[in-house]
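Protein chains in written order, with this note's numbering: chain A, 2 to 211; chain P, 29 to 129; chain D, 12 to 639. Positions of the beta carbon are idealized from the N, C-alpha and C atoms, including for glycine.
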């Protein structure tokens with residue numbers, strides 16, 4: 002086994018361990034932190050596989066921006082750790098994961114091309130940049146438009162929709178169902194609230210289905 | 029001379045299924061997004077390995093796009109999560125069952 | 012087919028059979044409110060038919076071969092079913108008989124039904140019957156005959172239940188129809204059997220000897236027995252005999268026409284019609300003989316205890332029909348047919364005479380008729396005596412001659428049991444016939460004085476309408492016997508075997524027995540000091556047995572209750588409830604439940620939707636993997 006192979010298996014172990022730890026944490030913050038480790042491992046793997054620019058991007062964007070963003074939002078939610086860490090339900094998920102894995106393994110071993118040993122090569126950033134902007138400039142432009150759209154959408158969503166003047170009230174007095182649980186959504190106004198409290202409007206599908 | 033291509037692919041598959049498990053098992057919307065990120069990570073690894081196998085740079089270009097899209101998607105998703113949390117005060121997707129049939 | 016306008020026989024045949032149908036249509040559609048017009052139409056039509064029948068009879072009196080007009084009706088592969096007219100001696104004889112009796116009865120009905128509100132309807136149905144019966148007589152193929160057989164049954168139903176406001180009348184009509192229908196089912200199966208094996212239902216072909224070669228003997232016997240089932244139903248033989256006494260609910264002229272002379276005789280006519288075909292099977296003939304004998308004896312016993320004048324003659328009809336079947340089954344075509352002819356005459360006469368009293372006193376009870384002075388009406392009384400004598404077989408009336416022929420053919424059989432039964436039947440017939448005569452003739456108590464109904468002019472005309480047929484029929488009864496030899500030659504076409512001269516003692520024996528019966532009746536009913544209680548009536552169990560029709564109706568009731576209601580009806584309702592309803596309900600329940608089941612998929616929870624999504628993805632991957 003060559004040096005590169007050894008490095009690869011080491012990195013693979015790191016990534017797998019970190020990801021495995023990440024998904025089994027009950028607290029999202031712990032999961033995110035482990036995931037950052039996994040992404041750093043991924044970046045190293047990209048170095049190994051000859052994509053240094055991408056490795057840098059992974060570190061900057063993925064580990065640096067996206068995970069930090071998630072951390073910010075978790076802290077924004079102002080919930081106690083106990084409330085955030087809900088008990089996960091492993092049953093169906095594990096089954097599904099195993100099925101997927103089995104299919105993936107089968108696919109890999111069926112492919113005759115999977116035995117080809119990867120040859121080392123490096124895509125230099127300069128060459129990669131030129132290649133990207135020469136051949137796939139349209140895709141780059143479209144992705145930038147996508148980012149713009151996402152920006153607009155986020156601003157709009159984060160501002161909150163619905164009738165004006167209700168936002169402050171909704172935040173301080175969230176609507177509750179007749180049995181105390183929170184009303185799960187939809188546009189709410191005072192009159193609807195009053196009618197619902199008189200029991201006319203059905204409470205969100207909790208009644209028995211005919 | 030690194031490793032057989034299949035091994036890398038297998039690694040990607042393993043990471044993908046782990047992300048899948050995270051996605052459907054947790055009752056916290058944030059963890060759902062974490063799962064999505066893990067799956068995207070797996071896809072990126074697969075693409076880079078494929079680029080190396082075929083000795084083409086298209087694979088790496090696509091990884092770039094994946095990164096960009098992941099960023100956009102996670103931000104929008106988080107905005108929606110925040111909005112949903114504001115409306116209902118809960119992050120448990122099991123509580124959002126108005127559309128229950 | 013020859014051009015039908017130019018052939019007088021064909022023309023006559025068509026007119027004879029279809030004039031009454033035209034009259035029926037006209038009456039039903041146009042003249043329901045005009046009584047006289049309806050009666051006029053109907054009688055005119057039947058007169059035309061009578062003229063046609065007589066014309067045909069005269070024209071073909073000495074024709075050697077039967078005349079056959081046929082048109083193709085149903086052809087499929089090697090199955091050929093025609094329809095048309097068959098004019099041979101037997102059918103022409105029947106046609107004339109039906110025409111004459113229909114004519115006389117329709118004239119009689121002018122008087123009998125004069126005050127009835129359903130006058131037009133009555134004549135419409137009479138025309139319907141005349142059409143159906145005459146077409147039946149000269150049908151040339153079995154299926155055509157079956158169609159008119161059913162039509163005759165229909166007219167019988169309509170006429171029995173003529174006074175439909177009376178519940179008993181409608182019940183009787185239904186009973187008649189259903190019972191004859193049972194027989195007709197077996198008849199039809201027999202026809203089908205013949206059709207399947209021979210491929211041809213023409214009567215001429217069926218009667219030819221080569222048919223015996225085409226059908227295996229077992230099947231021939233089976234077909235013969237099945238066809239006889241229809242005869243049992245239509246001619247009210249054992250065991251389908253109880254509808255005929257109940258059919259007396261209809262007006263008396265109807266009883267005279269349908270249920271004595273013509274319709275019930277259609278069964279015997281069928282037997283005579285297919286005589287060469289049916290006689291190929293000796294086993295079937297034996298069965299016919301047995302059933303005829305049983306019916307004859309059973310019905311005679313029932314007649315001995317009845318107080319209802321019409322029912323007595325009904326039982327007598329059953330008995331005489333059995334006698335005719337005995338004659339035919341014993342191998343003599345002429346015997347049965349001759350008795351059919353003479354019986355039509357005197358039985359119709361008996362009914363019409365009784366009808367005069369029934370109409371006048373509005374009661375069927377003999378004792379009451381007698382007590383109110385029935386014997387003072389001379390024409391009915393004299394005609395009754397003549398007809399009863401003919402029925403009993405006293406010389407020189409027609410009944411004597413025809414009974415002799417039958418008894419002679421019975422004597423020709425190897426087993427003397429049949430002859431003994433026949434002679435016993437003669438005794439019983441004489442007894443019950445004259446029992447009735449003497450009850451009417453010699454009333455039990457002093458007769459109440461009733462005002463005469465002969466006063467008004469209209470009444471006189473009507474009573475002439477009723478009286479004239481009586482006289483005519485009496486004349487026929489007196490004379491017909493002497494026409495035996497010419498009829499025999501006509502019917503059997505010159506190939507007639509001369510009657511057996513060895514049995515000289517037979518006529519004396521039968522007349523002696525008849526006389527014995529008459530004297531027994533005289534002893535019990537006619538003498539000055541008679542108690543008017545028959546010897547049978549002194550034995551209560553025997554009397555009950557006879558009066559209850561040998562408990563046949565009770566048997567049928569039980570049969571219907573246990574078999575039909577218990578098994579079939581219950582089976583069918585159970586099938587409807589459990590199988591059909593449950594099936595449909597189950598189907599709808601399945602729909603509901605499967606919907607409910609699938610609605611579980613719509614849990615509304617994000618996680619489960621995602622699981623399903625990825626599971627589908629895995630399946631797709633699997634599919635591609637496998638189909639590699």
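Nearest neighbour of residue i, chosen from the options [CA to CA]
i, options, result
"residue 233(D)", "157(D), 436(D) and 294(D)", "294(D)"
"residue 149(D)", "56(D), 27(D) and 265(D)", "27(D)"
"residue 652(D)", "433(D), 410(D) and 412(D)", "Missing from the structure shown is residue 652(D); chain D here goes from 12 to 639 and no further."
"residue 65(P)", "94(P), 79(P), 90(P) and 88(P)", "94(P)"
"residue 366(D)", "264(D), 411(D), 401(D) and 318(D)", "264(D)"
"residue 216(D)", "170(D), 275(D) and 288(D)", "288(D)"
"residue 443(D)", "305(D), 621(D), 309(D) and 584(D)", "309(D)"
"residue 159(D)", "245(D), 381(D) and 68(D)", "245(D)"
"residue 37(A)", "50(A), 48(A), 51(A) and 22(A)", "22(A)"
Buried or exposed (CB count within 10 angstroms, at least 16 for buried), residue i
i, result
"residue 190(A)", "Low per-residue confidence applies at residue 190(A): pLDDT is 48, beneath 50, and the placement is therefore not dependable enough to give any value."
"residue 133(A)", "buried"
"residue 562(D)", "exposed"
"residue 221(D)", "exposed"
"residue 565(D)", "exposed"
"residue 254(D)", "buried"
"residue 213(D)", "buried"
"residue 82(D)", "exposed"
"residue 111(A)", "exposed"
"residue 82(P)", "exposed"
"residue 11(D)", "The structure shown does not extend to residue 11(D), since chain D is modelled only from 12 through 639, so no value can be given for it."
"residue 84(A)", "exposed"
Chain P residues whose Cβ lies nearer than 7 Å to that of residue i
i, result
"residue 622(D)", "52"
"residue 5(D)", "Chain D is shown only over 12 to 639; residue 5(D) falls outside these bounds and no answer can be derived."
Interface residues of chain P facing residue i [CB-CB closer than 8 Å]
i, result
"residue 615(D)", "124, 125, 126, 127, 128 and 129"
"residue 635(D)", "Here the premise fails: no neighbours, minimum Cβ distance about 15 Å."
Per-residue contacts from residue i into chain B (C-beta, under 9 Å)
i, result
"residue 146(A)", "The structure shown contains no chain B; its protein chains are A, P and D."
Reduced DSSP category for residue i - H, G, I as helix; E, B as strand; rest coil
i, result
"residue 124(P)", "coil"
"residue 173(D)", "coil"
"residue 6(D)", "As shown, chain D starts at 12 and ends at 639. That puts residue 6(D) outside it, with no answer to give."
"residue 550(D)", "coil"
"residue 82(P)", "helix"
"residue 81(A)", "coil"
"residue 96(D)", "strand"
"residue 71(D)", "coil"
"residue 161(D)", "helix"
"residue 35(P)", "helix"
"residue 319(D)", "strand"
"residue 210(A)", "With a pLDDT of 40 at residue 210(A), under the threshold of 50, the modelled position of this residue cannot be trusted, and the question is left open."
"residue 84(D)", "strand"
"residue 152(D)", "strand"
"residue 595(D)", "helix"
"residue 519(D)", "helix"
"residue 78(D)", "strand"
"residue 117(A)", "coil"
"residue 63(A)", "helix"
"residue 211(D)", "strand"
Partners in chain D for residue i, counting only beta-carbon separations shorter than 7 Å
i, result
"residue 158(A)", "What residue 158(A) touches in chain D: nothing, since even the nearest Cβ is about 18 Å away."
"residue 100(A)", "629"
"residue 48(P)", "625"
Interface residues of chain A facing residue i [CB-CB closer than 7 Å]
i, result
"residue 59(P)", "29 and 32"
Beta-carbon neighbours of residue i, restricted to chain A and to distances below 9 Å
i, result
"residue 109(P)", "74 and 78"
"residue 132(P)", "Because chain P here runs from 29 to 129, residue 132(P) falls outside it and cannot be looked at."
Neighbouring residues, chain A, relative to residue i (Cβ below 8 Å)
i, result
"residue 627(D)", "Near residue 627(D) there are no residues of chain A at all, since even the closest Cβ is about 11 Å away, more than 8 Å."
Proximity test, residue i beta-carbon vs the ligand HEM heavy atom, cut-off 6 Å
i, result
"residue 134(D)", "This structure lacks the ligand HEM; in fact it carries no ligand of any kind."
Interface residues of chain P facing residue i [CB-CB closer than 9 Å]
i, result
"residue 618(D)", "51, 52, 53, 54, 55, 60, 121 and 122"
Members of the region 102 to 119 of chain A that neighbour chain D once the beta carbon cut-off is set at 7 Å: 104, 107, 108 and 111
Chain P contacts from the region 63 to 95 of chain A (Cβ-Cβ distance under 9 Å): 63, 66, 67, 68, 70, 71, 73, 74, 75, 77, 78, 80, 84, 85, 86, 87, 88, 89, 90, 91, 92, 93, 94 and 95
Cβ-based contacts, 7 Å cut-off: residues of the region 129 to 156 of chain A near chain P: 129, 132, 133, 137, 140, 144, 147, 148, 151, 154 and 155
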